[in-house]
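Asker:
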Amino acid sequence: MAILATDIEALIREEFPNAQIKVQGDDGAHFAAHVVDESFRGKNRVQQQRAVYAALKGKMDGPAGELHALALTTKAPD
Amino acid sequence: MTDAKTQIEETVKANDVVLYMKGTKEMPQCGFSSRVAGVLNFMGVPFMDVNVLADDSLRQGIKDYSDWPTVPQLYVKGEFVGGCDIITEMTLSGELDTLFAENNVTFDKAAANKIREANA
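Residue numbers (the numbering used here), protein chains in the order written: chain A, 1 to 78; chain B, 1001 to 1120.
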């Protein structure tokens, strides 16, 4: 059931090939991810983070989801 | 619309500030819910709390309603504002104060400033 930080990074990378992605956490369920991508420009945080959640393809879903907590920060490049 | 969606829509439209959370504002049952409820309590914001743990259809329904995978979820004037991370960032940046001010939601500016001082 456990998921690795590198798995999360790979899923996000698939959707955002040019993003700066940093994923931290190693207990298999609780992570922090920081994603900086040009496609976020002009979008609010909810829109940005929905796009990241979509890239995780249901890993967060419900009690059966592998990923229990993901502290997410997103922004467009400065 | 499903019953849960109808119920959620009625709740968020009838109340200026609604927090869907795990547990209640008096007794949160998750650290993330506790943090957001704590910020709102500390800032003196009048809000309605909805405990998703008390109703399985709401627990899933709120995620479908907002297209957002986690709880807590904060709504102001019927609009989804964000979850724990977003509310934390907005509190520290002052954006949450602005949002409340624009929507005529009562809050204690001095308390909000205190949170920012403590986290500076």
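Cβ atoms here follow ideal geometry from the backbone N, Cα and C, with glycine treated the same way.
1) Since residue 1089 of chain B sits in a beta bridge, which residues does DSSP pair it with?
2) Which residues in the same chain have their Cβ closer than 7 Å to the Cβ of residue 1020 of chain B, if we skip the five residues on either side of it in sequence?
3) With 8 Å as the threshold, decide whether the Cβ of residue 71 of chain A is near any Cβ in chain B.
4) Out of B:1082, B:1079, B:1112, B:1065, point me to the one whose CA is closest to residue 1093 of chain B's CA.
5) Ignore the nearest five residues each way along the sequence and tell me which others in residue 1013 of chain B's own chain have a CB closer than 6 Å to its CB.
6) Pick helix, strand or coil for residue 78 of chain A, following the three-state DSSP scheme.
7) Note down the Cα distance separating residue 35 of chain A from residue 1088 of chain B, rounded to an integer number of angstroms.
8) Less than 8 Å between C-beta atoms, sequence neighbours within five positions excluded: which residues of the same chain meet that for residue 1066 of chain B?
9) So which residues of chain A does residue 1080 of chain B contact, with C-beta pairs closer than 9 Å?
Answerer: Well, looking at it:
1) What you label residue 1089 of chain B is simply residue 89 of the second sequence in a count that begins at 1. Residue pairing by DSSP leaves residue 1089 of chain B without any beta bridge partner.
2) Position 20 of the second sequence, counted from the first residue, corresponds to residue 1020 of chain B. So the qualifying residues of the chain are 1050, 1052, 1062, 1071, 1072, 1073.
3) Sequence index remark: in the first sequence, residue 71 of chain A carries index 71 (1-based). Yes - at least one Cβ of chain B is within 8 Å of the one on residue 71 of chain A.
4) To locate residue 1093 of chain B, count along the second sequence from 1; it is residue 93. Cα-wise, what sits closest to residue 1093 of chain B is B:1112.
5) Counting from one through the second sequence, the residue named residue 1013 of chain B turns up at place 13. Excluding positions up to five away in sequence, the list reads 1078.
6) In the first sequence, residue 78 of chain A corresponds to position 78, counting from 1. DSSP places residue 78 of chain A in coil when its eight states are reduced to three.
7) Position 35 of the first sequence, counting from 1, holds the residue named residue 35 of chain A. Position 88 of the second sequence, counting from 1, holds the residue named residue 1088 of chain B. Computed Cα separation, rounded: 17 Å.
8) Here residue 1066 of chain B refers to the residue found at position 66 when the second sequence is read from its first residue. Within the same chain, residue 1066 of chain B has close Cβ partners 1073, 1080.
9) To locate residue 1080 of chain B, count along the second sequence from 1; it is residue 80. Close to residue 1080 of chain B, with beta-carbon spacing below 9 Å, are these residues of chain A in chain order: 46.
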